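When you read off a place in the sequence shown, starting at 1, and then add 9, the result is the number in our numbering.
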Amino acid sequence: MSILEKALKKAVLDRAKKKSAQDIDGKIVDNKADDNNRQIISTSSELNAPASSGHIPAMQEQESRNKSSLAARKIIYPDMANGKVVDQFREIRTHIYQSLRQISTPILVTAVSGNAGNTFVIKNISAAIALDDAKTSLIVDCNLANPGFKDLLTDEKHLGVTDYIESGISIEEIIQAVGINRMRLIPAGAKKESVTDYLTSNRLRTLFSELQERYADRVILVDSPSIKDFADAKILTNLFSHVILVVPYRKVTENQIANAVKSIGKEKIIGIVINREPRFLSLFNFFIK
């Protein structure tokens, strides 16, 4: 285990005692907070997920993406040339399943710094979940000042989070197909320069409460600005009880990681993904021909 991994493990696991998450101040929570379920996931690991126990119809798309389309968007698929990439994200998927008492509890995914590969990690965790016949996945883009995931949408004119908050439209109107069975996206919506009012709105809390209640089989992954963008990220980390932290390998200091963990709260972190870990080459480079 590297010095970085040891530091991360200490930061996440060194807590005085177990503490169950509680529903306080409008927080979206799952009443489960077990130290044994909080892990560091390095992109060099090679563990496989267990087989699914159930089956859910495939949420068929009008036109599913082919392998070339998925590869161009740096998204995993089952029989890609190096199966280790798929195995890596299946491991993360398995850990998520083990960390949640209620599978539809939203999980915030944030990063220690910008350009950590947050969007890439979320897309592929979501794709790995969609490979499981017993589950579906939903990405919610709450990086409202810097929206991502445009490569998953076929039409630039699409409704999203900001439209839901402003216009009172239904959830069904903002859930977008992405060309992958059992995987959906709620985009950020129209880009906003000032997003604080949106992130603190009761309407946003309503969105996640309804998503959690209505889609019991669906894993919800919420994209967040990096902890470096403190104000927006802090608002979101206060809203959710489960967080995955993305760390770019050797691009940040141990002090920056410790500060990020402290800012989020150790008890909320269910895992740390070390992205671009050299023992596994680079997850980004792997998709470049």
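Cβ atoms here follow ideal geometry from the backbone N, Cα and C, with glycine treated the same way.
What you are looking at is a predicted structure, and each value in this text was computed from that prediction instead of being measured.
Alpha carbons only, please: which of the options is nearest the one belonging to residue i?
{"i": "residue 245", "options": "119, 140, 112, 180", "result": "119"}
{"i": "residue 161", "options": "135, 173, 142", "result": "135"}
{"i": "residue 96", "options": "178, 138, 202", "result": "138"}
{"i": "residue 78", "options": "91, 240, 163, 172", "result": "163"}
{"i": "residue 116", "options": "84, 174, 217", "result": "217"}
{"i": "residue 249", "options": "276, 256, 172", "result": "276"}
{"i": "residue 202", "options": "171, 192, 102, 191", "result": "171"}
{"i": "residue 301", "options": "153, 240, 83, 129", "result": "Because residue 301 is not part of the residues shown, which for the chain are 10 to 298, the question remains open."}
{"i": "residue 243", "options": "270, 225, 227, 259", "result": "270"}
{"i": "residue 186", "options": "200, 168, 88, 175", "result": "168"}
{"i": "residue 140", "options": "101, 173, 209", "result": "101"}
Going by DSSP, which residues form a beta bridge with residue i?
{"i": "residue 216", "result": "None, per the DSSP bridge assignment."}
{"i": "residue 186", "result": "193"}
{"i": "residue 96", "result": "Its beta-bridge partners do not exist; DSSP assigns none."}
{"i": "residue 227", "result": "145"}
{"i": "residue 120", "result": "255"}
{"i": "residue 206", "result": "Paired residue(s): none; residue 206 is not in a bridge."}
{"i": "residue 232", "result": "118, 150"}
Which word fits residue i, buried or exposed, when buried means at least 16 other C-beta atoms lie within 10 angstroms of its C-beta?
{"i": "residue 211", "result": "exposed"}
{"i": "residue 279", "result": "buried"}
{"i": "residue 281", "result": "buried"}
{"i": "residue 149", "result": "buried"}
{"i": "residue 75", "result": "exposed"}
{"i": "residue 223", "result": "exposed"}
{"i": "residue 215", "result": "exposed"}
{"i": "residue 105", "result": "buried"}
{"i": "residue 191", "result": "buried"}
{"i": "residue 241", "result": "buried"}
{"i": "residue 178", "result": "exposed"}
For the putative contact between residue i and residue j, defined by C-beta atoms under 8 Å, what is the C-beta separation to the nearest angstrom?
{"i": "residue 133", "j": "residue 98", "result": "5 Å"}
{"i": "residue 232", "j": "residue 151", "result": "6 Å"}
{"i": "residue 146", "j": "residue 230", "result": "7 Å"}
{"i": "residue 189", "j": "residue 73", "result": "7 Å"}
{"i": "residue 284", "j": "residue 125", "result": "6 Å"}
{"i": "residue 251", "j": "residue 114", "result": "6 Å"}
{"i": "residue 180", "j": "residue 213", "result": "Going by Cβ atoms, the distance from residue 180 to residue 213 rounds to 12 Å, so no, they are not a contact pair."}
{"i": "residue 144", "j": "residue 228", "result": "6 Å"}
Count the C-beta pairs between the region 114-130 and the region 190-197 that are closer than 8 Å, then say yes if the count reaches three, no if not. no
Contact between the region 148-167 and the region 104-111 is defined here as three or more beta-carbon pairs at a separation below 8 Å; is this criterion met? no
Is there contact here, the region 264-281 with the region 231-243, by at least three beta-carbon pairs under 8 Å? yes
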